[in-house]
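Taking it in order: structure first as structure tokens, then the write-up.
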Amino acid sequence: MLTIKKTKQDYITDTVIYLILIVLAVTTLIPLFNILAVSLSDSAKATAGLVTVYPLGFNMTTYMTIFKDHAILTAIGVSFKRVVLSLIVDMVLCVLAAYPLSRSSKAFPFRGVYMWIVVGTMLFGPSMIPMFFTVKDLHMLGTIWALVLPGAVGQFYIILMINYFRSIPQELEESASIDGASPWRRLLQIYLPLSMPIVATIALFVVVNNWNAYYDGLIYSINTDDYPLQTYIQQLVVNLDMSIRDVDQVKNMLAVSNRSLTAAKLVITMVPILLIYPFMQKYFISGIMIGSVKE
Amino acid sequence: MKRTIKTGVSASLLVALMLSSAACSGSNNQASGESPKSTAATATATPTPAPAEKPDPFSKMPELVEFTTGITLSTEVNMPAGESFENNDVQNWFEENLNVKPKLAWTTSDQNFAFEQKVNLLIAANNIPDVLTINVEPNGLNILSKLVKAGMVEDLTQVYNDYASPYLKESMKLGGDDVFDPVTFDGKLYAIPSLSDIETAIPVVWSRKDWLDQAGLQEPQTLDDVETALKAFKTLGKTGQLPTQQNIYNADTASFDFVFGAYNTYPGQWITGDDGNIVYGSIQPQVKEALARLAKWYSEGLIPKDFMMSDSNKAVEAVAKGAAGIFDGSWWAPWYPLPDSVKNDHNANWQATVLKGVDGIAHARGYGKIRSFVVIKKGFKHPEAIMKAMNVAQDANAKKLDWYNKLTFEAGGKYTDAKMGLLPVSVSAKDPHEISNRYKDIMAVLNGEKDINSSEPETQAQVKTIQTYQAATDKFADMALWSGANNFYVGAAGLVKNPVQQTLPAFIGTTDLMQKKKTALDDMEKQTFLEIITGKKTVDEFDSFVTKWKSMGGDDITAEVNAIAGK
Amino acid sequence: MARPRNKEVIHYHIMLFPAIVMLAIFCIYPTLGSVMAFKSFDPIKGIWGSPWVGLDNFRSLFEIPDFKRITVNTITISVVKIVLNVSCALAFALLLNETRVRWFKRSVQTVVYLPFFLSWVIMAGIFKDFFSVEGLINGMITRLSGHEPILFFTSKAWFMAIIYLTDVWKGFGFNAIVFLAALTSINPSLYEAAEVDGASRWKKLTHITLPSIRPTIVLILILSLQGILSGGFDQIFNLYNPLVYSVSDIYDTYIYRMGFQNNQYEFATAVGLFRSAVAFLFIFCSQWLAEKYGDYKVF
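Taken in sequence, the protein lines are chains A, B and C. Residues 739 to 1033 in my numbering are what the first sequence lists, from first letter to last. Residues 41 to 607 in my numbering are what the second sequence lists, from first letter to last. Residues 45 to 343 in my numbering are what the third sequence lists, from first letter to last.
Listed below in structure tokens is the structure:
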């Protein structure tokens, strides 16, 4: 690699660069440590805003509470179900749509029309009420499908995937089609195995977006048991003040002001994402790179 | 990549719509909150054709009447295993004795107005359940007017006249002659309201007696006293600041309501002016005086410099931390935010009072007597069955039913800690001065002036709580007990130390012009008030604000409000 | 080759069928419901049966006293955010690319993308603490310089600085991943040749690195534009206050506040349509610019 000797100036530059990067990394971590510390602290201390980046009055009661809490466990279940189903549906739709669209207009004369549909729907989306009516008329309210299907076609993912397919050398395909392979076999046996980086990248997007989505859970639910985790969490964290509460409302509100419990729930919410990313990171980088190169 | 990932619906627009209620007339310019007609149907309304059989408010329906409804569920719900809103002893009682049974169409969270949002969506989809209970806050009356205009709810005038129990009718009268106005449209009653006490709205000044003693001061009685105490606390090494949140008025905790109250002025409310017309509170000259006082406090450091960034939870952190010794709260502050304060410092001794105003009289704002109401879907076959259930609910809420008290109220009852309402449909008409009257009743028993057995069940329970607390060796072992005991013993006591004159709103709800113009007016008001308080503008800016407010549509809205209220 | 074979084309149609059906049901059909913006919505009659009101809803949109200001804010904030996000991510990627210790590079990279996954609701609470009068930042300012605490949230200039800063903080790590990938794919022999010629770090940056990743920069800029005018609600809503409305109010925050009074879905739909149209214009122009100057085509 580099054999050229470093000058004194280079060392100074390096030190500055490392320092900047370390500061950046630390500032990024502080809020995360703060949440973790609050979740492990005594709730009175936490509510008083005394906790910084290490726990005060260390205890795990919040986590014990969560694992006995029917509502949050149900919500976690809904979220997992949603992520898994979305992963399957979205990936199938995306791969199947991207392959024909990655053909040239010569090989697939209607490509342009389909492409217009994909890009057009990406730019102009529906507004809330008609969307709600559609989901309701399909009798999907309160079902997991209301969370999975409306956003199942990711136009942006399709574009990434098209670009990736196009980066795969033509010769491979040509030799295969001479052998008389159908488009399905070409897709499944040649293209897909070579496209794992982009598949992993899109899978990560799908997982993260579905895991983090909260608003559709609120709108398309029938019962509070239908809430996915982020919807449930949102109800705890966002606090739209009622101007005047009466004493009964205040009594029921108590748990909401329990900061350490809320923090513990936030930690739980982040854990799956934090666990998945390192495994996906390797594929992710090459996937996003090649997927986004120009046609 | 962060903005490139497309979800099915634009999430931010959705969020923007969170509080939007159902669609409705964009152009036909009728006032959409035009409810109050003083000729409203009341309990003594027009004679109606006699029903075939004599209506009995409590008789069993000949056949089972099922109705669908939607409710909120707290994340804290704590029902016995296997039981639910649809299936529990209370519901069974209604089924056996009235033949009425609720069916849950949906549930929502009890936070962030999720319920109101669901109702709005369902109105837009023309898909409301048979029976709905809607809170007036934040825009319940607006929703009601939409329901009425869209013809989606039943006219309940006759059902109420025929089937409401004498006790319910009598209790409604406690609210005054105009109590049905907000839910009456063209002389027809479209909803059965619940009346709550009006005293919860009174801003109470909470102060720490232990610190006042150290400083050699008495409990503050006036704004000047508050100022003195804050400065004295600072010399004791505390912050000497008043916990304050971004909503500077009309908020139950850590607002400036007590300051405005001291000047007998009520920003954000429609009140009756000196000439009898309805005027808007925010543009009254006394507001200017109150703002001048607040600006002075801000410049002297008695108000946190960045209070406009805090919600009430954030503002009261100072209370929990032991940094603040005075704050504005409600009478129920022993439930929130005081527990965290006494948990962190057992010596914290909080006392409550309502300040005397600049004229020596304690003034306070109020709110509309109606806090929620029940509507019945148009075309529902047996509205009288719902009315009967409401009759029982009123008795239950007044603690008049032993079986219900045993299940839901008394210590150790099956549902005492269930944290959800179990009545199939609830209505409650209470004495507007329930809290202070209850307090006097409790104290009479505690002082031995009255026999506990002859007092009402609620009084008995509160007395027992206080006595249990007083007998406890560790006062802080059970914080629910601490809160329950101190709520009346200290909190309600604060409401009666100085006799309070409450100013109730002369108009609630929204009008068509308000829908169009009030957001801009409110923005301007908030900016101006904050700029004056923080010293960015002088207090004289208030005068030009008033002029602008009037010309930007405020005068037109005022005229509309007066026209609707029929003054 | 590449002569269309009919048999294959049929398979292509079949492959696209599921996605197109889903788009038709969940995108195209409900999007047609946007005609609500031209109607007075009556729940009993539904979207299609409600009476037409022409441009009334748009008229009330333009009647909002601050409409112009809000439009300017929305565009300014979106554009500045995009530019800052892209340039900061690029700068960070370049810095990180200068380091040679692999584990360090990896760890920093892994850490800085984390905020991207956290919601604004959580972050806003933390930032409010950070920049408050008694917060960490003001603590350092007063201790180090003896300066009075800065009221970050009440000064318009400071507030916008915070909006941009926190937005960058949250997003730069994620965008940087793409730049880093582009940087690592630059042929090392280019650098080696340059070093033999004795080129400085700066020279290498301006003559090799930046030109090599130009397409990636353009790509990121363009992709960022897609969400223009719709981003930022969660952030601004959770951080702003009335003193800074005049500089920070965007369409969504205004509509939200209006929701307390105005509750009209057709009006909100009108805003959505208007915003889509403006956004479309932006994207169209940027595509054209990118094709002309960046030699780049996205779709």
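Quick reminder that beta carbons are idealized off the backbone N, C-alpha and C, glycines included.
On the criterion of 16 or more Cβ atoms from any shown chain inside 10 Å, does residue i qualify as buried, or is it exposed?
| i | result |
| --- | --- |
| Glu156 of chain B | buried |
| Gly227 of chain B | exposed |
| Ile760 of chain A | exposed |
| Glu565 of chain B | buried |
| Thr587 of chain B | exposed |
| Leu342 of chain B | buried |
| His422 of chain B | buried |
| Ala237 of chain C | exposed |
So, helix, strand or coil for residue i, using DSSP?
| i | result |
| --- | --- |
| Thr543 of chain B | strand |
| Trp375 of chain B | coil |
| Asp562 of chain B | helix |
| His57 of chain C | helix |
| Thr279 of chain B | coil |
| Gln70 of chain B | Confidence at Gln70 of chain B is low in this model, with a pLDDT of 36, below 50, so its placement is unreliable and no value can be given for it. |
| Ile232 of chain B | strand |
| Ser412 of chain B | strand |
| Asn961 of chain A | coil |
| Ile882 of chain A | coil |
| Tyr320 of chain B | strand |
| Lys624 of chain B | What the structure shows of chain B is the stretch from 41 to 607, and residue 624 of chain B is not part of that stretch, so it cannot be assessed. |
| Lys141 of chain B | strand |
| Gln893 of chain A | helix |
| Ser124 of chain B | coil |
| Arg333 of chain B | helix |
| Phe273 of chain B | helix |
Taking the C-alpha atoms as reference points, what is the distance between residue i and residue j?
| i | j | result |
| --- | --- | --- |
| Ser322 of chain B | Phe296 of chain B | 13 Å |
| Ser199 of chain C | Gln285 of chain B | 18 Å |
| Ile928 of chain A | Tyr902 of chain A | 13 Å |
| Ser104 of chain C | Pro374 of chain B | 47 Å |
| Val11 of chain B | Leu104 of chain B | Given a span of 41 to 607 for chain B in the structure shown, any question on residue 11 of chain B remains unanswerable. |
| Thr578 of chain B | Gln326 of chain B | 16 Å |
| Tyr965 of chain A | Thr115 of chain B | 11 Å |
| Val222 of chain C | Pro159 of chain C | 16 Å |
| Ala85 of chain B | Val415 of chain B | Because Ala85 of chain B carries a pLDDT of 42, less than 50, the predicted location of this residue cannot be relied on, and the following value inherits that uncertainty. Using only the alpha carbons, I get a separation of about 19 Å. |
| Asn253 of chain C | Met1018 of chain A | Note on identity: in this sequence residue 253 of chain C is Thr, with Asn being the wrong assignment. C-alpha separation (whole angstroms): 27 Å. |
| Lys439 of chain B | Gly453 of chain B | 14 Å |
| Val827 of chain A | Asp552 of chain B | 46 Å |
| Asp150 of chain B | Gly408 of chain B | 22 Å |
| Gly419 of chain B | Val193 of chain B | 8 Å |
| Asn118 of chain B | Ile804 of chain A | 14 Å |
| His57 of chain C | Val127 of chain C | 40 Å |
| Gln258 of chain B | Pro539 of chain B | 19 Å |
For the putative contact between residue i and residue j, defined by C-beta atoms under 8 Å, what is the C-beta separation to the nearest angstrom?
| i | j | result |
| --- | --- | --- |
| Lys100 of chain B | Leu144 of chain B | Incorrect: roughly 23 Å between the Cβ atoms, too far for contact. |
| Pro233 of chain B | Val223 of chain B | 5 Å |
| Thr275 of chain B | Pro377 of chain B | Thr275 of chain B to Pro377 of chain B, Cβ: 25 Å. No contact. |
| Val679 of chain A | Ser779 of chain A | Residue coverage of chain A in this structure runs from 739 to 1033, which leaves residue 679 of chain A outside it and unanswerable. |
| Glu310 of chain C | Lys89 of chain C | With a Cβ gap of about 13 Å, Glu310 of chain C and Lys89 of chain C do not count as contacting. |
| Leu229 of chain B | Leu214 of chain B | Contact doesn't hold; Cβ gap of about 18 Å is too wide. |
| Pro142 of chain B | Thr112 of chain B | Not really, about 14 Å apart at Cβ, beyond 8 Å. |
| Asn948 of chain A | Arg820 of chain A | 6 Å |
Chain-ordered residues of the region 151-167 of chain C with a beta carbon less than 9 Å from chain A:
Ser151, Val152, Gln153, Thr154, Val155, Val156, Tyr157, Leu158, Pro159, Phe160, Phe161, Leu162, Ser163, Val165, Ile166, Met167
Counting only Cβ-Cβ distances shorter than 8 Å, please list the residues of the region 551-564 of chain B near chain C, keeping chain order.
Met554, Gln555, Lys556, Lys558, Thr559, Ala560, Asp562, Asp563
The region 190-208 of chain C: positions lying closer than 9 Å to chain B by Cβ:
Pro193, Leu195, Phe196, Phe197, Thr198
Output needed in chain order: residues of the region 220-246 of chain B with a Cβ under 7 Å from some Cβ in chain A.
Ser236, Thr240, Ala241
Report the residues of the region 91-122 of chain C with a CB closer than 8 Å to any CB of chain B, ordered along the chain.
Val97, Asp100, Asn101, Ser104, Glu107, Ile108, Pro109, Asp110
Quick one, which residues of the region 343-365 of chain B are near chain C if we go by CB-CB under 9 Å, in chain order?
Pro344, Lys345, Asp346, Met348, Met349, Ser350, Lys354
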